[in-house]
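Data first, discussion second: the structure below is written as structure tokens.
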Amino acid sequence: MREHKPDLIAYSAMSIQWQWIKTLSTYLKANRIQIPQVIGGIHSTMYPDETIAHPAIDILCIAEGEYAMLELCNAIDTDADYSEIDSLWVKTGDTVKKNVMRPKLREEMLNELPFADRQLYRKYKHFRDYPFAIFVGSRGCPFKCTFCEVPEINDRWNFSDLPGV
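Numbering (this note's numbering), first residue to last: 771 to 935.
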């Protein structure tokens, strides 16, 4: 981290990953890595108070984070205030600013999301050795399993109508 000097450390977490993220984020703070740490994903959406209470987490992103994270990165890049960005909870000392959650992306909005810049993956040996592609073809799930968190946040299954997806 000290060598690369990123402007932001971002985690996306399912609940099973939360313990690992707590360990890593605590390690970074303990070693005086003074870079804002943001967490998003299903865990932070389902358990926001517990997640933002962790001392190493600075920012929490709730629900769908594409546009909130874009605004956050743009704000950090221009040294602008990001404490008012919808879907973000921003911690300052002992205070947490809980901004409203953005509306869920509608089906047609999924088509507007850009594909990932795959050139970034080629930079790292692991990704060159194990070629893969990530894309978003849908949001939610058509099923309502009682043990799953997805029905709690997505009331319907949205899917892309882009050709080739």
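In this text, a Cβ means the ideal position worked out from N, Cα and C, and glycines have one as well.
C-alpha of glutamate 919 to C-alpha of tryptophan 788: approximately 15 angstroms in a straight line.
Secondary structure note for lysine 868: its beta strand (DSSP E) is the uninterrupted segment 865-868.
For alanine 780, the uninterrupted beta strand (DSSP E) run begins and ends at 779-782, by DSSP. Rounded to the nearest angstrom, the gap between the Cα atoms of glutamate 854 and valine 860 is 8 angstroms. Taking a C-beta distance under 7 angstroms as the contact criterion, cysteine 831 and valine 808 qualify as a contact pair. Here DSSP, grouped into helix, strand and coil, assigns threonine 916 to coil.
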